[in-house]
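From first to last, the protein sequence lines are chains A and B. In this text, residue positions in the first sequence follow numbering that gives the first Met the number 0: the first is 0, and each later residue adds one. In this text, residue positions in the second sequence follow numbering that gives the first Met the number 0: the first is 0, and each later residue adds one. Worksheet: one structure, shown below.
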Amino acid sequence: MALLTEGPRHGYQLRAEFEARTGGTWPLNVGQVYTTLQRLERDGLVEGAGAADAEGRIAYVLTDAGRAQAADWFTTPVDKTSDPRDELSIKLALGVGMEGVDIAALVQAQRSATLRQLQDYTRLKRQADDAHDLAWELVLERLIFSAESQVRWLDHVESRVRRARRAEPASATAADTERVRS
Amino acid sequence: MNTADRAVVLELRGVSRVHGEGAAEVHALRDVDLTLVEGELVAVMGPSGSGKSTLLTLLGGLDRPTSGEVFIEGQSLADLSTKKLAAMRRRSVGYVFQDLNLIPTLTAVENVGLPLELDGASRRTARRTALKSLEDVELMDLADRFPDEMSGGQQQRVAIARALVGPRRVLLADEPTGALDSQTGEAVLRVLRRRIDRGGAGLLVTHDARHAAWADRIVFLRDGQITDTTASELSAEALLGTGRHV
Ligand SMILES: Nc1ncnc2c1ncn2[C@@H]1O[C@H](COP(=O)(O)OP(=O)(O)O)[C@@H](O)[C@H]1O
Ligand SMILES: [Mg+2]
Numbered sequence: 000m001a002l003l004t005e006g007p008r009h010g011y012q013l014r015a016e017f018e019a020r021t022g023g024t025w026p027l028n029v030g031q032v033y034t035t036l037q038r039l040e041r042d043g044l045v046e047g048a049g050a051a052d053a054e055g056r057i058a059y060v061l062t063d064a065g066r067a068q069a070a071d072w073f074t075t076p077v078d079k080t081s082d083p084r085d086e087l088s089i090k091l092a093l094g095v096g097m098e099g100v101d102i103a104a105l106v107q108a109q110r111s112a113t114l115r116q117l118q119d120y121t122r123l124k125r126q127a128d129d130a131h132d133l134a135w136e137l138v139l140e141r142l143i144f145s146a147e148s149q150v151r152w153l154d155h156v157e158s159r160v161r162r163a164r165r166a167e168p169a170s171a172t173a174a175d176t177e178r179v180r181s
Numbered sequence: 000m001n002t003a004d005r006a007v008v009l010e011l012r013g014v015s016r017v018h019g020e021g022a023a024e025v026h027a028l029r030d031v032d033l034t035l036v037e038g039e040l041v042a043v044m045g046p047s048g049s050g051k052s053t054l055l056t057l058l059g060g061l062d063r064p065t066s067g068e069v070f071i072e073g074q075s076l077a078d079l080s081t082k083k084l085a086a087m088r089r090r091s092v093g094y095v096f097q098d099l100n101l102i103p104t105l106t107a108v109e110n111v112g113l114p115l116e117l118d119g120a121s122r123r124t125a126r127r128t129a130l131k132s133l134e135d136v137e138l139m140d141l142a143d144r145f146p147d148e149m150s151g152g153q154q155q156r157v158a159i160a161r162a163l164v165g166p167r168r169v170l171l172a173d174e175p176t177g178a179l180d181s182q183t184g185e186a187v188l189r190v191l192r193r194r195i196d197r198g199g200a201g202l203l204v205t206h207d208a209r210h211a212a213w214a215d216r217i218v219f220l221r222d223g224q225i226t227d228t229t230a231s232e233l234s235a236e237a238l239l240g241t242g243r244h245v
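Shown next as structure tokens:
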């Protein structure tokens with residue numbers, strides 16, 4: 000919908016532009032685009048702009064209501080971006096309470112994997128920067144910042160668990176699980 | 000990662016460094032192996048006290064290992080007299096620290112040319128070579144400024160230019176972005192990356208994962224040992240569609 004603020008587009012154009020501007024991070028099929036357009040038309044947010052072209056495609060424009068909603072979308076903060084029930088948190092919460100799970104090794108393996116991702120994103124960012132592709136660069140930076148924050152969190156987990164283990168060397172169990180979860 | 004066909008610039012073989020004796024003994028590095036080839040930038044991460052600075056001082060010939068060998072461009076440092084070692088250092092190795100990198104009474108181009116002059120080059124030759132090095136870090140325009148007339152990021156770029164001026168091939172950086180805000184730090188890393196792509200090799204100590212990610216490899220030190228090495232999964236060709244080998 001945001002793309003329609005720039006003028007009339009038909010489904011194929013919307014898909015192509017969306018993917019170009021986000022570097023293909025979120026692939027769309029054209030069916031999804033048309034279903035969405037139909038739903039928006041039903042809700043009075045978009046309307047067809049004139050007749051179909053030679054290939055039978057209809058371009059869509061935003062209605063006034065649609066324009067207002069698109070503006071809203073841009074200015075509304077996104078919440079719940081991090082899900083505490085992700086697999087990594089679960090692995091740690093369970094592992095910390097179990098005999099024979101090497102948390103340091105778990106953390107190190109995850110940190111290496113995340114850093115490798117960070118290296119890949121950084122390479123792509125260099126490429127985007129050289130191509131003056133600001134939109135793609137911003138998407139990559141989002142991935143870079145979140146990978147970085149994961150690394151920092153893993154550093155924190157590691158030192159936190161080390162300290163806890165040192166404090167109660169016999170067995171770090173339920174109490175640690177609770178702390179990681181909270 | 001295809002690095003086999005590139006010249007080795009820096010090498011540590013089984014290097015250990017013990018400080019102090021008896022009860023006060025500290026094993027700062029334990030049996031470390033590390034090789035850097037032409038065009039390679041390697042980042043070193045690890046908690047405080049893990050041996051990162053010790054690694055840099057050994058690689059730069061500022062300190063000698065308790066055991067093991069250090070090679071700079073194929074030359075074993077153990078074979079050199081103190082005097083030869085100092086000359087080797089001046090010609091081959093440049094440092095970039097967190098701050099206090101430049102001499103405040105010299106302009107940018109004079110700072111960059113200083114190691115050449117100390118090594119016997121004429122003032123004119125030193126200036127010409129220094130200007131070329133400043134061009135490599137995109138600072139030609141500021142050549143005649145004094146350090147206090149430049150931003151922190153620009154000063155670090157001058158330090159990078161000096162580290163790799165003329166025949167110098169080895170850049171050793173200890174938290175070079177530590178005193179900069181994150182955006183400026185990133186700009187310095189971008190310049191450093193481009194500069195190393197042109198030749199030489201660099202070792203970068205940093206605690207910032209985002210900055211480390213500019214390196215070809217990230218090495219983890221813990222209690223004086225390399226515990227892990229991370230290299231980008233995808234080849235540069237796959238990511239960038241160029242012929243660059245990494
Ligand atoms: N000159 C020295 N004398 C005694 N101990 C030292 C000396 N230099 C470093 N160390 C010790 O060696 C270990 C590694 O230090 P360093 O290389 O500075 O670590 P890092 O740079 O990762 O913080 C630390 O335990 C430190 O206290
Ligand atoms: Mg240090």
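Glycine included, every Cβ here is placed at the ideal spot set by N, Cα and C.
beta-carbon residue i near ligand 1 non-hydrogen atom, thresh 6 Å
i: residue 53 (chain B); result: yes
i: residue 187 (chain B); result: no
i: residue 190 (chain B); result: no
i: residue 67 (chain B); result: no
i: residue 50 (chain B); result: yes
i: residue 47 (chain B); result: yes
i: residue 18 (chain B); result: yes
i: residue 212 (chain B); result: no
Assigned exposure category for residue i - 16 Cβ within 10 Å defines buried
i: residue 131 (chain A); result: exposed
i: residue 28 (chain A); result: exposed
i: residue 16 (chain A); result: exposed
i: residue 33 (chain B); result: buried
i: residue 160 (chain A); result: buried
i: residue 153 (chain B); result: buried
i: residue 51 (chain B); result: buried
i: residue 89 (chain A); result: exposed
i: residue 19 (chain B); result: exposed
i: residue 85 (chain B); result: exposed
i: residue 122 (chain A); result: buried
i: residue 44 (chain B); result: buried
i: residue 49 (chain B); result: buried
i: residue 175 (chain B); result: buried
Interface partners of residue i on chain B, CB under 7 Å
i: residue 111 (chain A); result: 227, 229
i: residue 121 (chain A); result: 212, 213
i: residue 150 (chain A); result: 208
Pair within 7 Å by beta-carbon distance, residue i and residue j
i: residue 171 (chain B); j: residue 55 (chain B); result: yes
i: residue 157 (chain B); j: residue 110 (chain B); result: yes
i: residue 138 (chain B); j: residue 128 (chain B); result: no
i: residue 123 (chain B); j: residue 112 (chain B); result: no
i: residue 145 (chain B); j: residue 81 (chain B); result: no
i: residue 217 (chain B); j: residue 194 (chain B); result: no
i: residue 192 (chain B); j: residue 213 (chain B); result: yes
i: residue 163 (chain B); j: residue 199 (chain B); result: yes
i: residue 28 (chain B); j: residue 53 (chain B); result: yes
i: residue 157 (chain A); j: residue 106 (chain A); result: yes
Contacts of residue i in chain B (Cβ-Cβ under 9 Å)
i: residue 143 (chain A); result: 209, 212
CB contact below 7 Å: residue i versus chain A
i: residue 217 (chain B); result: yes
i: residue 244 (chain B); result: The predicted model places residue 244 (chain B) with a pLDDT of 36, which falls under 50 and marks its position as unreliable, so this point remains unresolved.
i: residue 241 (chain B); result: Since pLDDT at residue 241 (chain B) reaches only 40, below the 50 mark, its modelled position is unreliable, and the value read off the structure follows with that caveat. It does not: the Cβ of residue 241 (chain B) has no partner Cβ on chain A nearer than 7 Å.
Residue i: contacting residues in chain B (beta-carbon distance under 8 Å)
i: residue 107 (chain A); result: 219, 226, 227
Residue-chain proximity (residue i, chain B), Cβ-Cβ < 7 Å
i: residue 117 (chain A); result: yes
i: residue 137 (chain A); result: no
i: residue 114 (chain A); result: yes
i: residue 147 (chain A); result: yes
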